[in-house]
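For the numbering used here, count along the sequence shown from 1 and bump the result up by 70.
The beta-carbon is built from N, C-alpha and C at its ideal position, and this holds for glycine as well.
Notes follow the structure.
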Amino acid sequence: NPPILRRLDRVFLSPELFSAFPSSYLVLGPRHLSDHALLLLSLLR
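Set out below in structure tokens:
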């Protein structure tokens, strides 16, 4: 099958989490052998 050329990966967070960790950020990793990529969420206060 040909690869899907769109990001399908998702992260769902609540507004309360953003309030508790206002300096948080998300890093999208590279795709290698899959249509999916690593999503690394750093929770910083």
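Pop quiz: residue i and residue j are said to be a contact at Cβ under 8 Å. What is the actual Cβ separation, rounded to whole angstroms?
{"i": "leucine 109", "j": "leucine 98", "result": "6 Å"}
{"i": "phenylalanine 91", "j": "arginine 115", "result": "6 Å"}
{"i": "serine 93", "j": "leucine 111", "result": "That belief does not hold up - the Cβ atoms of serine 93 and leucine 111 are roughly 12 Å apart, past 8 Å."}
Spell out the partners DSSP gives residue i in its beta bridges.
{"i": "valine 97", "result": "Leu110"}
Taking 7 Å as the cut-off, is the CB of residue i close to at least one heavy atom of the ligand ADP?
{"i": "serine 94", "result": "The ligand ADP is absent from the structure shown, which contains no ligand whatsoever."}
Of all the options the options, which has the alpha carbon lying nearest to the alpha carbon of residue i?
{"i": "phenylalanine 82", "options": "Pro73, Leu96, Arg101 and Leu103", "result": "Leu96"}
{"i": "alanine 107", "options": "Ser84, Asp79, Asn71 and Pro85", "result": "Asp79"}
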